[in-house]
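What follows is a single structure, written as structure tokens, with notes after it.
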Amino acid sequence: MQIDEAREVRTTCPYCGVGCGVLAKVAADGQITVRGDPDHPANFGRLCSKGSALAETTDLDGRLLYPEIHGRGTDWDEALDLVASTFSQTIAEHGPDAVAFYVSGQLLTEDYYVANKLMKGFIGSANIDTNSRLCMASSVAGHRRAFGSDTVPGNYEDLELADLIVLVGSNLAWCHPVLYQRIAAAREKRPEMKVVLIDPRRTMTSDIADMHLAIAPDGDDALFTGLLAYLGQHNALDRTYITAHTTGFGQALFAASALDLAGIAAATGLGEDELARFYSLFAATAKTVTVYSQGVNQSSSGTDKVNAIINCHLATGRIGKPGAGPFSVTGQPNAMGGREVGGMANMLAAHMEIENPEHRNRVQRFWNAPTVAEKPGLKAVEMFEAVADGRIKALWI
Numbered sequence: 001m002q003i004d005e006a007r008e009v010r011t012t013c014p015y016c017g018v019g020c021g022v023l024a025k026v027a028a029d030g031q032i033t034v035r036g037d038p039d040h041p042a043n044f045g046r047l048c049s050k051g052s053a054l055a056e057t058t059d060l061d062g063r064l065l066y067p068e069i070h071g072r073g074t075d076w077d078e079a080l081d082l083v084a085s086t087f088s089q090t091i092a093e094h095g096p097d098a099v100a101f102y103v104s105g106q107l108l109t110e111d112y113y114v115a116n117k118l119m120k121g122f123i124g125s126a127n128i129d130t131n132s133r134l135c136m137a138s139s140v141a142g143h144r145r146a147f148g149s150d151t152v153p154g155n156y157e158d159l160e161l162a163d164l165i166v167l168v169g170s171n172l173a174w175c176h177p178v179l180y181q182r183i184a185a186a187r188e189k190r191p192e193m194k195v196v197l198i199d200p201r202r203t204m205t206s207d208i209a210d211m212h213l214a215i216a217p218d219g220d221d222a223l224f225t226g227l228l229a230y231l232g233q234h235n236a237l238d239r240t241y242i243t244a245h246t247t248g249f250g251q252a253l254f255a256a257s258a259l260d261l262a263g264i265a266a267a268t269g270l271g272e273d274e275l276a277r278f279y280s281l282f283a284a285t286a287k288t289v290t291v292y293s294q295g296v297n298q299s300s301s302g303t304d305k306v307n308a309i310i311n312c313h314l315a316t317g318r319i320g321k322p323g324a325g326p327f328s329v330t331g332q333p334n335a336m337g338g339r340e341v342g343g344m345a346n347m348l349a350a351h352m353e354i355e356n357p358e359h360r361n362r363v364q365r366f367w368n369a370p371t372v373a374e375k376p377g378l379k380a381v382e383m384f385e386a387v388a389d390g391r392i393k394a395l396w397i
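The sequence shown begins at 1 in our numbering and counts up one residue at a time.
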């Protein structure tokens, strides 16, 4: 077959959470080249070193080109028949909770949706979870606690519109390079934009930071709880927004006010002068985006840290507006898409709750499914513990 050398295929980079658009071209001799998609809203033609090297990953040497059963090559029919019969037999003998799916934030949204539908609506178990659990579960819980659903109230354009960007627990230059490039380009156009980096280490991201707060590990909760108290003490609250859109603010502010600057300094390892400069800058800048990632999420108190950040934006009304909001960036390109279609053990599609009978009924009717799981399934770590102790008899990864 003659391949049209001019033909390019639009696809998505599979690496980090930015989700850059890629144009892949296949030449007549089979050589593949890639370039950034200039029309894609995530990267507008930019690619980092990883995305630029995508063509190298298509080399067939060492790649698995067909299914294998116990090391023996076979065809798809035999492989799928074996999977189906093994799962069916296991379910018949041990029940639906004896099987599980472990999926990935690199799946397409449609694949996530179908796997979730198969497990929860037709097998009847919620034992489907994802490696996104290991990086984003704290944000999911924090979003649901703050907003009632797992919703990220921001987009990439906000980073270019903000007057202050606060980067927390995120080495954006290495982990989300194209977002870093977009911020750097925006700063060149608007030198008045400020960037604060909050990270125990001095990373490459420090290169664009006006201020680096070398916070002690696990100090984020105290830092942002102290910021909330500072905002209250310095008349920097948006009382109209608080009254219209929040509940329980008085209790939150009262609890935060128990911390004084000396106590915050002790908990964060920062100097009182550093804290005062950061707090003053945040209070004075209406268009502020706080970007946080795994340095916040992967913690024993990750959810509390997420909510401490969100509380400061709710308290100032800096949310849902251009250039303002708390912004959780994921580690994989479709961690958010998977969450939106229910690809985790404790939720249904469209942010509906698995323990809510009305939500279950709605999903079951929409799916025309014979059943629907009634309780949360095993989460990622629990799932592999269940594999180890024999409760999970069949696992599809």
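Glycine included, each C-beta is placed from N, C-alpha and C at the ideal position.
Counting Cβ pairs closer than 8 Å, one from the region 109-126 and one from the region 309-325, do we hit at least three?
The answer is no - the region 309-325 does not touch the region 109-126, with fewer than three Cβ pairs under 8 Å.
Should Leu231 and Ala115 be called a contact, given that it needs their Cβ atoms to be closer than 8 Å?
Against a cut-off of 8 Å, the Cβ pair of Ala115 and Leu231 comes out as no contact.
Could you tell me which residues DSSP puts in a beta bridge with Pro326?
According to DSSP, Pro326 bridges with Thr290.
CB-CB under 6 Å to Leu253, same chain, minus the five flanking residues each way: which ones, in chain order?
Excluding positions up to five away in sequence, the list reads Gly232.
By the three-class DSSP mapping on this structure, what secondary structure does Val178 have?
Reduced to three states, the DSSP call for Val178 is helix.
Does the contact criterion of 3 or more C-beta pairs under 8 Å hold for the region 372-387 versus the region 344-364?
They touch, by the three-pair rule.
Between the Cα of Ala185 and those of Gly169, Ser280, Ile215, Ala162, spot the shortest distance and give me the residue it belongs to.
The candidate whose alpha carbon is nearest that of Ala185 is Ala162.
Which residues in the same chain as Arg144 place their Cβ atom closer than 6 Å to its Cβ, once the five residues preceding and following it in sequence are excluded?
Within the same chain, Arg144 has close Cβ partners Asp150.
Taking the C-alpha atoms as reference points, what is the distance between Ser49 and Tyr15?
One C-alpha to the other measures close to 11 Å.
Whole angstroms are fine: how far does the CA of Pro67 sit from the CA of Tyr156?
C-alpha separation (whole angstroms): 39 Å.
So Gly401 is in the alpha helix (DSSP H); what residue range does that whole segment cover?
Within the shown structure, residues of the chain are numbered from 1 to 397, placing residue 401 beyond reach of any answer.
Rounding to the nearest angstrom, what Cα-Cα distance links Ile183 and Gly154 in this structure?
Distance between the alpha carbons of Ile183 and Gly154 is about 15 Å.
Rounded to a whole number of angstroms, what is the C-alpha to C-alpha distance between Glu385 and Lys393?
If I take the Cα positions, the gap works out to 12 Å.
Excluding the five sequence neighbours on either side, which residues of its own chain have a C-beta within less than 8 Å of the C-beta of Leu164, listed in chain order?
Counting only Cβ-Cβ distances below 8 Å, and skipping sequence neighbours, we find Met193, Lys194, Val195, Val196, Leu281, Phe282, Thr285, Lys287, Thr288, Val289.
Can you give me the Cβ contacts of Met336 inside the same chain, cut-off strictly under 6 Å, excluding the 5 residues immediately before and after it?
Excluding positions up to five away in sequence, the list reads Thr330.
For Asp61, does the three-state DSSP call read helix, strand or coil?
Coil at Asp61, not helix or strand.
Using DSSP's beta-bridge definition, name the partner residues of Lys393.
Lys393 pairs with nothing; no bridge assigned.
Here's a check: name, in chain order, each residue in its chain whose Cβ is nearer than 6 Å to the Cβ of Trp342, leaving out the five neighbours to either side.
Looking at the sequence itself, residue 342 is Gly, so the reference to Trp does not match. Only Asn116, Leu348, Ala349 meet the Cβ criterion.
Tell me which same chain residues have a C-beta within less than 8 Å of the C-beta of Asp158, skipping the five on either side of it?
For Asp158, where only same-chain residues beyond five positions count, the Cβ hits under 8 Å are Val289, Pro322, Gly323, Ala324, Gly325, Phe327.
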